[in-house]
Amino acid sequence: MYRRQLLGGFAAVMMALGGIGTAQAETLTVGAYPANPPWENKTESGTFEGFEVDLVNEIGKRLGAEIQIQDLGFQALFAATASGRIDMAISSISITNDRLQNQSFTQGYYDSDIALIAGDDTKLTGLADMKGKTIGAISASVGEAWIKANTEKYGIGEYRGYDTQQNLLLDVQSARLDGAIGDIAGFQFAFTKMKGMKVVEAIPTGDKFAIMMKKGSPLLERVNDAISAIKKDGTMAALHKKWLGADAAADSSINKVLPIPQAQ
């Protein structure tokens, strides 16, 4: 009887230790906007693919952590990181000083310009032609911020915000919008599948895409160090080639290790 009690106690301890080991296995939850190729896109099977999907999975491997990706709208990403509902957010999120007041960002890994696009039959020849026109962008995006900051300068007639890039592009394609402003790489990738649109004028911004986290996240330095290693060994450059079809410039954020950005 005493021996059975000892064995039972030993088994209970081992089960408890096993439970502790399982609890300590790290899982990082990543929020992603599901219709943002080539950065992230949800396939018919329900899995995510894209440049930033490959990037966070590579980060997970280097940290010895499992990556779980949640499907979220672009605007919802900001509240999800701020509340701690997710550990990280991806979706071609640009580092801005306003965002840095409330969120943390890793170093940038892609130099992002935006652009004005329109249908092939457009009469727009540049930004100066937007007077009185209806221009769209993804809500809460850098494109939206640029439009709001430049509406008076260019005399933009009306701004329309969209929850999805698909709907934004459909309205440009059908001429329900005179034009749209957003990430040039995302637009150019979309044009390979959706015809009848073109880049009217590129808008240099100096912006960089990065991974967003809760302000002061304890994960920040670890994830940032993993990004540095991914740049140094050429993995980031390989992702650029895979998803954007070209080699990145040697002095671009794809290849250059950068400091963690700080709010000004």
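12 is the number of the first residue of the sequence shown in my numbering; add one for each residue after it.
All residues carry an ideal CB built from backbone N, CA and C; glycine is no exception.
Hey, quick one: how far does the beta strand (DSSP E) through residue 230 stretch, first residue to last? By 1-based counting over the sequence shown, the position of residue 230 is 219. Residue 230 -> no beta strand (DSSP E), and no H or E assigned at all.
Buried or exposed: which applies to residue 155, given that a residue is buried once 16 or more other Cβ atoms fall within 10 Å of its Cβ? Sequence index remark: in the sequence shown, residue 155 carries index 144 (1-based). Flag for residue 155 reads buried.
Flag this pair as yes or no: are the beta carbons of residue 82 and residue 43 separated by less than 8 Å? As a first step, residue 82 must be located in the sequence shown, where it is residue number 71. As a first step, residue 43 must be located in the sequence shown, where it is residue number 32. Yes, Cβ-Cβ distance for residue 82 and residue 43 is below 8 Å.
Which residues mark the beginning and the end of the alpha helix (DSSP H) in which residue 154 is found? On the sequence shown, position 143 is the one that residue 154 refers to. Residue 154 -> alpha helix (DSSP H) spans 153-165.
Does the separation of the CB atoms of residue 264 and residue 122 fall below 8 Å? One-based indexing of the sequence shown puts residue 264 at position 253. One-based indexing of the sequence shown puts residue 122 at position 111. In contact: residue 264 and residue 122 (Cβ atoms closer than 8 Å).
When the distance is taken between beta carbons, is residue 141 closer than 8 Å to residue 166? If you number the sequence shown from 1, residue 166 lands on position 155. If you number the sequence shown from 1, residue 141 lands on position 130. Taking 8 Å as the Cβ cut-off, residue 166 and residue 141 qualify as a contacting pair.
Which same chain residues end up closer than 7 Å to residue 178 when comparing Cβ atoms and leaving out the 5 residues on each side of it in sequence? Translated into positions along the sequence shown, residue 178 becomes position 167. Hits under 7 Å: none found.
Among 39, 50, 37, 45, which has the Cα closest to the Cα of residue 194? Start at 1 with the first residue of the sequence shown, and residue 194 comes out as number 183. It is 50.
Could you tell me the alpha carbon to alpha carbon distance between residue 182 and residue 222, rounded to whole angstroms? Taking the sequence shown and counting its residues from 1, the one referred to as residue 182 is at position 171. Taking the sequence shown and counting its residues from 1, the one referred to as residue 222 is at position 211. Residue 182 and residue 222: Cα-Cα distance of roughly 29 Å.
Going along the chain, which unbroken runs of the beta strand (DSSP E) with 3 or more residues stay wholly within the stretch 186-223? 190-194, 208-220
Only counting the same chain, and skipping five residues up and downstream in sequence, which positions put a Cβ closer than 7 Å to that of residue 274? Within the sequence shown, residue 274 is the residue found at index 263, counting from 1. So the qualifying residues of the chain are 108, 111, 112.
Would you call residue 250 buried or exposed, if buried means 16 or more other Cβ atoms sit within 10 Å of its Cβ? Working through the sequence shown from its first residue, we reach residue 250 at position 239. Flag for residue 250 reads buried.
By how many angstroms is the C-alpha of residue 40 removed from the C-alpha of residue 33? Position 22 of the sequence shown, counted from the start, is the residue given in the question as residue 33. Position 29 of the sequence shown, counted from the start, is the residue given in the question as residue 40. At residue 33 the pLDDT is 44, less than 50, meaning the model places this residue with poor confidence and gives no usable figure here.
Whose CA, out of 160, 172, 159, 161, lies closest to the CA of residue 150? Sequence index remark: in the sequence shown, residue 150 carries index 139 (1-based). Of the listed residues, the one whose Cα sits closest to residue 150 is 172.
Who are the Cβ neighbours of residue 130 in its own chain at under 7 Å, not counting the five residues just before and after it? Taking the sequence shown and counting its residues from 1, one reaches residue 130 at position 119. The answer, listed in chain order, is 183, 184, 186, 207, 208.
Taking the beta carbon of residue 160 as the centre, do at least 16 other beta carbons fall within 10 Å, making it buried, or is it exposed? Walking along the sequence shown from the start, residue 160 turns up at place 149. Answer is exposed; the Cβ neighbour count stays below 16.
Length of the line joining the Cα atoms of residue 211 and residue 198: Stepping through the sequence shown from its first residue, residue 211 is reached at position 200. Stepping through the sequence shown from its first residue, residue 198 is reached at position 187. Looking at the two C-alpha atoms, the distance is approximately 11 Å.
From this set, 244, 162, 88, 245, which residue's C-alpha is nearest residue 143's C-alpha? Walking along the sequence shown from the start, residue 143 turns up at place 132. When each option's Cα is compared against that of residue 143, the closest is 162.
For residue 54, count the other beta carbons within 10 Å of its own beta carbon; 16 or more makes it buried, fewer makes it exposed. Which is it? Your numbering for residue 54 matches position 43 in the sequence shown. Exposed, since its Cβ has fewer than 16 Cβ neighbours within 10 Å.
Can you list the alpha helix (DSSP H) stretches of 4 or more residues lying completely in the stretch 69-99, in chain order? 85-94
Leaving out the 5 sequence neighbours to the left and right, which residues in its chain are closer than 8 Å to residue 74 when beta-carbon positions are compared? Within the sequence shown, the letter at position 63 stands for residue 74. Taken in chain order, the residues that qualify are 37, 39, 233, 234, 237.
Look at the Cβ atom of residue 102, then the Cβ atom of residue 47, and state whether they are nearer than 8 Å. As a working mapping, residue 102 is identified with position 91 in the sequence shown. As a working mapping, residue 47 is identified with position 36 in the sequence shown. Yes, Cβ-Cβ distance for residue 102 and residue 47 is below 8 Å.
Go through its chain and collect everything with a Cβ distance to residue 117's Cβ below 6 Å, but skip five positions before and after it. If you number the sequence shown from 1, residue 117 lands on position 106. 221, 222, 234, 235, 238.
Buried or exposed (CB count within 10 angstroms, at least 16 for buried), residue 136: To locate residue 136, count along the sequence shown from 1; it is residue 125. Residue 136 comes out exposed.
Under the three-state reduction of DSSP, which class applies to residue 60: helix, strand or coil? If you number the sequence shown from 1, residue 60 lands on position 49. Note: residue 60 maps to strand in three-state DSSP.
Spatial neighbours of residue 145 within its chain, please: CB distance less than 7 Å, with the 5 preceding and 5 following residues excluded, ordered by chain position. The residue labelled residue 145 in the question sits at position 134 within the sequence shown. Correct list, in chain order: 168, 169, 171, 188, 189.
Just to confirm, are residue 106 and residue 215 a CB contact at a threshold of 8 Å? Taking the sequence shown and counting its residues from 1, one reaches residue 106 at position 95. Taking the sequence shown and counting its residues from 1, one reaches residue 215 at position 204. Contact flag unset, no.
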